[in-house]
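Chains as they are written, first to last, in our numbering: chain W, 38 to 406; chain R, 24 to 662.
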Amino acid sequence: MEIRLDRAEFLTELAPMQGIVERKSTIPVLSHLKLQARDGKLHLAATDLDVSLTSWCEADVALEGGIAVQAKKFMEIIRSLRGEEVALTLEEPKELTITAESSRFKIHGLAPEDFPTLPEVDEASSVEIPFKDLKRMISKVIFAISADESRFQLNGALLKIKPESLELVATDGHRLAVVEADLEGAPATDGEPPSVLVPRKALQELQRFDGKGDVAYRRGAHHLSFRLGRRELICRILEGTFPDYERVIATDNDKQVVFDTRRLLESVQRVALLTGDRARGVRMSFAPGQLVISAANPDLGEASEEILCDYDGTSFQLGLNPDYVSQFLAAVETDSVRLDLKDENSQCVGHPVDGADRRYLCVIMPMRL
Amino acid sequence: MPRIHLLSDHLISQIAAGEVVERPASVVKELVENSLDAGAGSVRIELEAGGKRRILVEDDGGGLGTDDALLAFDRHATSKIGSFEDLERVATLGFRGEALASIAAVARVEMLTAEASGEAYRVRIEGGRVRVAEPAARGRGTTLEVASLFFNVPARRKFLKTPATELRRSVEVVQGYALARPDVRFVVTSDGRSVLDAPPVAAGPEGLRQRIGQVFGSALANRLVPLEDSFPALEDESGERIHGFVGTPETTQGRRLFVFVNRRLLRDRSVLATFYRAVRDEWRSDQYPALFLFLDLPPEDVDVNVHPQKAEVRFRDPGTVRGLGDVLRSGLARARGEVPAPLRSPADGPRAPLAWQGLGERSRDGAGEERSWLPTVGAVVGEEVAEAPSPLYGTGGGGAPGRPPSTRSDDAASQAARLAAVAFPPVERAAVPLSGRSGETRPFRLLGQYKGTLILLEGPDGLYLVDQHVAHERILYERLRVDLAADRTPSQALLTPMLLELAPAESLRLQELAPALGECGYRIEPLSGHTLAVTEIPAALRQEEAEKVLLELAADRGEADPEAEGGVEGLRQRLLEGLAASLSCRNAVKMHHVLGAEQMESLVAELFRAEQPYACPHGRPIVLQMTDADLERRFGRRK
């Protein structure tokens with residue numbers, strides 16, 4: 038391998054690789070990046086076996102070839118170099134020489150054959166999803182994905198392609214977030230729209246993509262592919278049964294209260310300062326014309342805050358986990374938010390008022406305090 | 024008038040009934056045993072109001088002829104043994120000839136029995152008196168109906184628990200026989216609702232696995248590793264046979280331990296202790312996997328006539344229990360996914376001669392083994408381990424109960440002999456050495472930290488070692504317990520209920536505990552058959568932890584009766600302690616974690632302010648003390 042390439046462009050393509058590379062892997066090759074010079078391009082690849090990312094840069098390829106290099110060190114070197122151009126040369130099979138202006142590094146690597154073969158998604162037909170929509174939708178559900186690794190089927194979000202819309206759903210068993218946005222040109226299917234579980238890490242990395250245009254989404258037998266421009270993210274499909282979420286969402290919450298999103302978010306966060314480390318709960322006391330949010334902790338003390346609102350039903354109290362409430366409110370883009378409630382034993386369902394999406398809601402199960 | 028007189032036969036019967044018939048479950052037990060002894064292929068049990076109102080046991084066994092039907096209700100009337108010699112080799116479940124007479128003395132009993140179709144006979148007895156005896160119609164087999172138990176013994180009736188509790192106990196009894204006899208169909212209904220339906224299964228280990236699945240659900244059954252494969256040799260000429268299943272590590276939730284000797288379920292301590300020891304040896308764990316163990320011995324090698332309820336047995340050959348240990352160890356090793364380890368008896372294992380004395384009364388673990396991360400302390404000194412009394416190994420004092428003296432090399436032996444001269448007696452239980460509770464503080468000085476694990480202190484009367492992890496655990500535990508007890512425990516509702524697949528008796532037990540569980544942040548609802556839905560869990564627990572606590576409670580057979588333990592409040596305390604123990608262990612500083620001097624000082628100061636600074640919530644010692652006198656003896660300055 039003997040190539041020259043633009044350093045700035047190279048750095049742009051290297052950056053998203055960082056999130057993929059396993060930092061604490063017990064398999065050494067997974068902390069490496071694969072570099073492969075071919076057809077006037079330098080191809081890059083990183084994987085943790087579940088999620089893989091590939092991309093490429095324009096390059097003057099004098100001699101084709103490849104190597105796997107330790108990702109973190111390699112990126113540090115490229116970032117630290119001076120000059121607009123960088124040259125990569127393979128003088129010996131597993132020794133990569135990096136030169137830029139007067140700097141010269143010679144680093145040890147692994148043979149490119151040692152790098153895992155990346156999965157491919159054969160399916161030819163793709164669904165085009167505007168990247169800005171996808172990114173926005175991910176941010177609206179990703180917080181509800183379960184961190185409990187023993188419940189692996191909840192360690193991702195459900196992606197469903199409907200005839201004219203796209204839906205993303207996530208839950209950790211205590212709350213549920215559903216977002217649905219219009220999607221043009223989705224393929225018509227018979228019967229139940231196809232759905233698939235996308236692992237959290239893939240969604241996180243997708244969020245970090247930048248660029249305009251559409252993401253081409255393809256689904257294979259065991260893997261999914263998301264391609265945006267030069268980059269392609271491939272992830273393993275999370276196996277497991279996702280809860281029947283539509284049945285979980287209450288339809289008889291007749292008490293609807295509208296709040297200023299920012300005001301409610303700040304109040305909840307303030308009061309939550311006096312909840313303990315575990316079993317966190319704030320009490321939401323609704324009375325005609327007002328909501329009082331309060332918390333008490335035997336070690337710390339008490340806090341309460343009053344918010345005026347247009348509620349005119351009977352008084353009742355509801356316990357909620359303030360983290361769940363504020364993560365939802367932070368994801369809401371509109372100025373106003375509506376909470377649908379019933380009583381102290383029933384779920385709270387939040388919706389943005391006049392949001393951009395066809396539907397966005399977050400179900401939060403109550404606490405008994 | 025003489026004050027001493029002979030009791031009437033009727034009163035004698037009533038008194039004797041008390042020994043055999045304690046509650047509906049004991050009736051069920053006796054009747055099911057009769058059915059099985061009569062060769063039944065199917066046993067159906069109907070219960071009303073937990074058996075308090077009505078118990079019906081119907082079988083398709085041999086039945087009785089007209090003459091036998093009446094005689095069956097006489098005391099010590101039995102078909103099962105005929106001579107003293109028979110008693111030596113009892114092969115049937117019942118044999119004392121007390122059951123029917125005892126039941127008939129305290130209930131309204133009707134028996135419908137037929138040796139062959141068309142030759143049935145009906146006998147009705149109330150409070151020991153025959154009311155009806157007439158020919159009737161029925162296919163081969165026997166139906167026994169016991170109504171109004173203790174109708175004539177109000178004192179007994181008062182001691183019966185709620186129908187739910189009584190039902191659970193009866194179901195536990197049937198469960199035991201269902202496991203013992205997979206070839207027999209068992210059906211239990213309660214107030215018309217089906218509680219258990221176990222169709223007969225094929226003989227052999229897979230049949231047994233199927234039966235376990237019918238009772239406990241397939242999730243458990245599929246995680247069992249057969250015991251017998253490892254030792255086909257045990258099926259030797261003596262007729263001795265050990266078989267069964269042991270669970271994989273995932274089955275350690277709760278104690279599902281079932282031991283059968285000649286198809287008789289028992290809670291024999293020596294057998295269970297062997298199992299506990301095997302788990303500790305093989306897994307180094309305090310958690311016990313499921314066990315379904317069957318010992319088939321020649322009848323003359325076991326004495327079951329020890330206890331009227333036959334819960335214990337005596338083995339003629341003490342080697343039986345030892346051989347059992349080997350089988351269990353190899354089964355456990357395989358269940359954990361290891362190649363069977365070379366067999367060793369606990370006596371050969373390395374013993375850490377740690378002669379330091381744990382403070383406080385509740386030290387449950389053998390101090391030596393648990394402290395294996397301190398390999399060298401005291402290794403130069405050859406004294407015996409002063410092992411703390413352990414409930415698992417009997418209640419004997421120190422001196423390593425259950426372990427023969429270790430065999431040492433000559434070198435070690437001579438060293439031991441030399442040291443015998445200075446052998447020092449067990450350190451007396453010291454009174455509180457450093458006190459915070461009493462308000463009086465005695466000086467202690469921090470010496471440092473050993474291997475990121477122990478805090479060393481110089482006290483006024485000796486050297487102290489503090490286990491930092493358990494010390495912190497103790498502090499957190501006491502804090503949490505206060506917190507949790509202050510209010511009702513906050514609960515978190517679940518979006519979709521968590522489903523628990525349980526054996527009928529386990530499910531009933533949790534339903535019994537529902538009010539107390541509600542106080543602790545749980546809400547459970549019965550769904551169907553084996554399944555319970557949990558809709559709310561304590562907010563402080565992750566879902567898997569919440570599930571574990573419930574499963575442990577569910578499997579806690581009989582030992583913790585909500586009513587016997589100070590009612591709901593007692594149970595609530597227990598649950599809270601369980602929660603606090605699990606949370607504090609998770610948050611406590613770990614071992615091999617280097618602490619600064621200030622951190623150590625504050626940890627120690629807080630520890631000695633604790634209510635019980637000497638034992639962690641799981642019962643392990645926190646502080647070890649070596650007194651000045653001990654040290655002087657060890658250095659030979661004092662005799």
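Yeah, the Cβ is synthetic: ideal placement off N, Cα and C, and Gly gets one too.
Cβ separation of residue i and residue j, assumed to be a contact under 8 Å, to the nearest whole Å
i	j	result
W/M321	W/Q354	7 Å
R/L525	R/Y545	So it is not a contact: roughly 14 Å between Cβ atoms.
W/T91	W/L171	Rounded, the Cβ-Cβ distance is 19 Å, inconsistent with contact.
Check whether residue i and residue j have beta carbons under 8 Å apart
i	j	result
W/M404	R/P513	yes
W/F168	W/D251	yes
R/L533	R/A562	no
W/L81	W/V106	no
R/R145	R/S171	no
W/K199	W/P153	no
R/I78	R/P47	yes
R/G267	R/L316	yes
W/V362	W/L213	no
R/R234	R/S65	no
W/D159	W/G257	yes
R/F281	R/L314	yes
R/P228	R/N285	no
R/A663	R/V224	Residue 663 of chain R is absent from the model: chain R starts at 24 and stops at 662.
W/F246	W/R268	yes
R/T476	R/M614	yes
Interface flag, residue i vs chain W, CB-CB below 8 Å
i	result
R/E559	yes
R/Q648	no
R/Q566	yes
R/L517	yes
R/S625	no
R/A170	no
R/S607	no
R/P513	yes
R/A562	yes
Beta carbon proximity, residue i to chain R, threshold 8 Å
i	result
W/E388	Inspection of the sequence shows that residue 388 of chain W is occupied by His rather than by Glu. Chain R contact via Cβ: absent.
W/R212	yes
W/V400	yes
W/L406	yes
W/N192	no
W/V285	yes
W/P403	yes
Enclosing alpha helix (DSSP H) for residue i [first to last residue]
i	result
R/N681	This structure does not reach residue 681 of chain R, given that chain R is present from 24 up to 662, and the question cannot be answered.
R/K613	No alpha helix (DSSP H) contains R/K613, which DSSP labels as neither H nor E.
The beta strand (DSSP E) enclosing residue i, as first and last residue numbers
i	result
W/K197	G193 to I198
W/M38	Counting along the chain, W/M38 falls outside any beta strand (DSSP E), and DSSP gives it neither H nor E.
R/Q566	Not the beta strand (DSSP E): R/Q566 falls in the alpha helix (DSSP H), residues Q566 to A578.
W/V233	S232 to P236
W/A333	Q327 to N334
W/S163	No beta strand (DSSP E) holds W/S163; DSSP gives it neither H nor E.
R/P561	T554 to P561
W/G56	Not the beta strand (DSSP E): W/G56 falls in the alpha helix (DSSP H), residues M54 to I57.
R/Y144	A143 to E149
Residue i Cβ short of 7 Å to the ligand ATP heavy atom set
i	result
R/P549	Absent from the structure shown: the ligand ATP. Ligands present: none.
Query raised in the report: Should the region 301-309 of chain W be regarded as contacting the region 325-342 of chain W, the criterion being three or more beta carbon pairs within less than 8 Å?
Result: yes
Query raised in the report: On the three-pair Cβ rule with 8 Å, is the region 476-494 of chain R touching the region 642-662 of chain R?
Result: yes
**Report entry** Stretch-stretch touch, CB-based, cutoff 8 Å, three pairs: the region 208-217 of chain W with the region 177-193 of chain W
**Finding:** yes
Query - Given 8 Å, three or more beta-carbon pairs between the region 156-175 of chain R and the region 190-210 of chain R - result: no
Requested in this report: State whether the region 234-246 of chain W contacts the region 185-194 of chain W, with contact taken as three or more CB pairs (one from each stretch) at a distance under 8 Å.
Outcome: yes
Query raised in the report: For the 8 Å Cβ check, are there 3 or more pairs between the region 371-379 of chain W and the region 489-497 of chain R?
Result: no
Query raised in the report: Counting Cβ pairs, one atom from each stretch, are 3 or more of them under 8 Å apart for the region 316-336 of chain W and the region 365-373 of chain W?
Result: no
Report task. Can you give me, in chain order, the residues of the region 350-367 of chain W that have a beta carbon less than 8 Å from any beta carbon in chain C? Result -> Of the protein chains in this structure, namely W and R, none is chain C.
Query raised in the report: On the three-pair Cβ rule with 8 Å, is the region 344-351 of chain R touching the region 294-305 of chain R?
Result: yes
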